[in-house]
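Heads up: the sequence shown begins at 1 in UniProt numbering, then just goes up one per residue.
Report on one structure; see the data block that follows.
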Amino acid sequence: MTRPLPYLWARSLEALLLGVRAHRRRRPFTPGRRAWPLFNAETGAVALTVDDGPDPRWTPALLDVLARHEVPATFFLIGARTAEQPRLARRIAEAGHAIGNHSMHHPQPFAALDAARQRAEIGETQERIADAVGQPPRLFRAPGGGWSRTVLGVAAEHGLTAVDWTVNPSDWKEPGVPHITRVLSRSGPGHILLCHDGGGDRSQTIAALDRVIPLLKERGLRFVPVPARDAAVA
């Protein structure tokens with residue numbers, strides 16, 4: 001089957017970003033350019049980010065783990081799931097975690113969508129999250145990390161800080177608790193960790209985080225929410 005050019009272009013950008021993330025994982029913290037999404041948290045800290053919820057089974061279990069270890073996270077919520085689980089979205093916010101926009105329906109590759117569709121995906125999610133928690137989010141993560149100049153521009157139109165990541169255990173593939181634990185344990189100062197609480201069985205993710213969080217704290221790393229752009233670094 002012949003793929004349309006926007007699809008092929010979006011996939012090539014995704015491949016390029018793999019190298020960018022690897023570079024940012026090794027690079028010491030420095031203020032970055034606004035043209036890029038965020039790849040780093042603040043000096044001496046790590047930011048745990050959680051995508052694809054809220055999920056009625058796995059999100060409460062993850063919230064319990066985070067509460068037990070007294071660490072904040074940043075939840076990138078899907079608009080359609082937020083509309084189905086508004087009380088759960090509210091529980092995330094009331095627990096002190098940051099909330100971000102992860103599109104309405106999680107279409108991929110996101111960068112292959114035209115600007116109008118991107119605006120609809122982002123704009124409707126802003127409304128659904130605001131309905132649930134009382135205010136719209138200030139953070140956005142493109143599904144699959146599908147960035148482009150257009151995606152970044154549409155996010156900026158909504159006043160959103162674009163957020164990527166630097167440590168990815170691919171927990172959505174359910175690779176096993178040891179694998180997820182091993183990858184997350186390699187996190188260092190300034191890293192943004194990517195995990196998931198929706199879209200499948202997330203028991204491995206929750207078990208791994210229960211192990212990893214104490215390990216990282218013992219190494220002197222602080223957990224912080226992802227900051228919005230006016231207080232953020234790249």
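Idealized CB from N, CA, C, for every residue including glycine.
CB-CB length for residue i against residue j, believed under 8 Å
i    : j    : result
A98  : T74  : 4 Å
T161 : L48  : About 17 Å separates the two Cβ atoms, so there is no contact after all.
H158 : Q126 : 6 Å
H69  : P214 : 7 Å
H191 : V167 : 5 Å
L62  : I206 : 5 Å
Environment of residue i [buried if 16+ CB atoms lie within 10 Å]
i    : result
E218 : exposed
L194 : buried
A115 : exposed
D201 : exposed
A41  : buried
G220 : exposed
A208 : buried
A111 : buried
R57  : exposed
R128 : buried
S103 : buried
S203 : exposed
Contact under 8 Å by Cβ, residue i with residue j
i           : j    : result
P109        : G79  : no
V71         : S187 : no
W165        : R21  : yes
residue 238 : V224 : Any property of residue 238 remains undetermined from this structure, which presents the chain solely from 1 to 234.
V226        : L139 : yes
P136        : A130 : yes
S93         : V133 : It should be pointed out that residue 93 corresponds to Ala in this sequence rather than to Ser. Contact flag set, yes.
R81         : P54  : yes
T43         : P189 : yes
P199        : D52  : Reading the sequence as shown, one finds Gly at residue 199 and not Pro. Yes, these two residues count as a Cβ contact at 8 Å.
Using 8 Å as the Cβ pair cut-off and three pairs as the minimum, do the region 180 to 200 and the region 153 to 160 touch?
-> no
Given 8 Å, three or more beta-carbon pairs between the region 107 to 125 and the region 86 to 94 | no
At 4 residues or longer, and completely inside the region 108 to 133: list those alpha helix (DSSP H) runs for me, N to C.
-> 115 to 133
Would you mind listing the alpha helix (DSSP H) stretches within the region 164 to 209 that are 4+ residues and don't spill past its ends, in chain order?
-> 177 to 185
Completely contained alpha helix (DSSP H) runs for the region 135 to 159, where each covers 4 or more residues = 149 to 157
What are the uninterrupted segments assigned as alpha helix (DSSP H) that are 4 or more residues long and contained completely in the region 27 to 101, given in chain order?
-> 58 to 69, 79 to 84 and 86 to 94
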